[in-house]
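Novice:
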Amino acid sequence: MRPETQRAIVARRSLVRAAPDRPDPIPAAERRLAEALAEVTRLDLELESLSLSLGEFGREYEARLGAVFAELDLGERLVRRLQWLEDEAGRLGEAMAGLGRSAAEARRAARWPKARQKSGRRRARGAAEAEAAEGAEEREDRARPEAADLGGLEVEPDEVVLKRLFRRLARVLHPDLAQDDAERKRLSDLMARVNAAYADRDRTALELMAEKLGAGEPLGDLSDAERLAHLTKRAAALERIAASLGREKARLEGSHTFRLRQEALRRTEAGRDYFEETRAEVEAEAEHAFADALARLERLVRAARDLERRRKQAMSEPSRRSGPTGALRAFDPLSES
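Those letters in the sequence shown? Residues 1 to 337, by the working numbering.
Put into structure tokens, the structure is as follows:
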């Protein structure tokens with residue numbers, strides 16, 4: 001062998017050794033698909049377990065604490081109502097003190113408190129309804145966990161999908177459906193491929209054959225490019241489902257119900273009862289609210305008595321008559337009303 005030939009052979013061998021091995025893309029796509037399917041299965045089980053536990057906690061929370069929270073809400077609404085009545089009594093007392101002025105001023109002063117009274121009632125009623133709605137929504141959020149919404153995404157077991165695909169293909173490709181011998185041989189060959197794919201649990205092959213059959217395309221041999229494209233498509237779809245499940249799990253873990261449940265678990269581990277401790281705290285708040293309401297009721301009674309005293313005093317004192325003379329006259333409830 002000539003020296004230049006030997007050198008060429010050595011150079012080619014070195015190039016072959018230096019060239020990197022190209023990995024087969026199909027096994028890599030199958031691994032990606034398997035990993036995505038495993039992630040979807042894991043997240044689906046975790047999300048189902050979390051939803052069930054939050055639902056159970058919410059029902060227990062409502063059963064054991066719903067009544068005491070309703071009592072607290074009643075006390076707080078009573079306090080707000082009495083505060084509004086006390087403020088209105090004070091404004092009426094100030095208006096009554098101005099009845100000794102001229103009739104025109106008295107009429108304006110009488111109209112002004114009424115307008116303020118109506119607007120005050122509207123503001124107080126709106127504030128009370130808003131606070132009551134906010135309290136109800138907060139308790140509902142604490143008592144009812146959010147339901148998982150996966151947007152209709154569902155991953156069926158391979159066994160279920162394989163059986164459905166096999167039956168679908170068998171209904172169309174069974175040799176008994178043939179009209180002649182040539183058609184029977186063709187269907188027999190295709191059905192043999194379907195049986196082999198089902199025996200090997202080759203879901204990709206069955207899905208590709210079903211897609212081609214639905215599109216009216218001939219069921220030839222599956223190329224590596226077709227198999228790779230189908231595996232990539234399925235893996236991408238499963239990855240999107242996994243992302244959706246992950247977002248839903250994160251949403252539940254960020255909910256108020258989840259935080260309350262975590263606090264209940266922490267106290268249970270410390271040998272404490274979260275529900276009994278919360279009940280005691282809410283009962284104390286409700287008792288304080290009703291005590292505050294009683295104190296406000298006493299102040300309201302005093303304000304009402306002071307208002308009655310001012311009314312009698314205003315009715316007993318003469319007031320300036322409107323007109324050019326400005327003479328004094330007795331209080332006339334009809335004209336001053």
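Just so it is clear, CB atoms sit at the ideal spot from N, CA and C, and this is done for glycine as well.
#1: Which residue comes first and which comes last in the alpha helix (DSSP H) that contains residue 246?
#2: Hey, would you say residue 295 sits closer than 9 angstroms to residue 71, going by beta carbons?
#3: Could you tell me the boundaries of the alpha helix (DSSP H) in which residue 211 lies?
#4: Do residue 167 and residue 204 come within 9 angstroms of each other at the CB atom, strictly closer than that value?
#5: Are the Cβ atoms of residue 206 and residue 169 separated by less than 9 angstroms?
#6: From 177, 229, 251, pick the residue whose C-alpha is nearest to that of residue 33; which is it?
#7: Cα-Cα, which of 312, 309, 281, 214 is closest to residue 69?
#8: For residue 190, which residues from the same chain have a beta carbon less than 7 angstroms from its beta carbon, with the 5 sequence-adjacent residues on both sides left out?
#9: Compare the Cα-Cα distances from residue 65 to each of 309, 304, 279 and report the closest residue.
#10: Does residue 342 pass the burial test, meaning 16 or more other C-beta atoms within 10 Å, or should it be called exposed?
#11: Go ahead and label residue 58 buried or exposed: buried means 16 or more other beta carbons lie within 10 angstroms of its beta carbon, across all protein chains shown.
#12: Starting from residue 181, trace the alpha helix (DSSP H) in both directions and tell me its first and last residue.
#13: Would you tell me roughly how many angstroms separate the C-alpha atoms of residue 137 and residue 210, rounded to the nearest one?
#14: Give the straight-line distance between the Cα atoms of residue 63 and residue 165, rounded to the nearest whole angstrom.
#15: If residue 307 and residue 92 are in contact, beta carbons under 8 angstroms, what's the gap, nearest whole angstrom?
#16: Where does residue 291 land, buried or exposed, given buried means 16+ other C-beta within 10 angstroms?
#17: If you follow the alpha helix (DSSP H) that residue 156 is in, where does it begin and where does it stop?
#18: Which residue wins for smallest C-alpha separation from residue 246, given the options 86, 276, 39, 160?
#19: On the three-state DSSP scale, how would you describe residue 221?
#20: In the DSSP assignment, the alpha helix (DSSP H) including residue 267 goes from what residue to what residue?
#21: Give the DSSP-derived three-state secondary structure of residue 132 in the structure shown.
#22: Comparing C-alpha positions only, which one of 305, 201, 178 sits nearest to residue 157?
#23: With a 10 Å radius around its C-beta and 16 neighbouring C-beta atoms as the bar for buried, classify residue 15 as buried or exposed.
Specialist: The answer reads as follows:
#1: Residue 246 -> alpha helix (DSSP H) spans 224 to 253.
#2: no
#3: 203 to 215
#4: no
#5: yes
#6: Nearest of 177, 229, 251 to residue 33, Cα basis: 229.
#7: 281
#8: 173, 219
#9: 279
#10: The structure shown does not extend to residue 342, since the chain is modelled only from 1 to 337, so the question has no answer here.
#11: buried
#12: From DSSP, the alpha helix (DSSP H) with residue 181 extends over 181 to 199.
#13: Model confidence at residue 137 stands at a pLDDT of 48, short of 50, so the residue's coordinates are unreliable; what they give is reported in the following sentence. Between residue 137 and residue 210, the C-alpha separation is close to 50 angstroms.
#14: 48 angstroms
#15: 6 angstroms
#16: exposed
#17: It is not in any alpha helix (DSSP H) - residue 156 carries neither H nor E in the DSSP assignment.
#18: 39
#19: coil
#20: 256 to 269
#21: At residue 132, the pLDDT of 49 sits below 50, so the modelled position is not reliable and the matter cannot be decided from this model.
#22: 201
#23: Unreliable placement is indicated for residue 15, whose pLDDT of 42 sits below 50; no coordinate value is reported for it.
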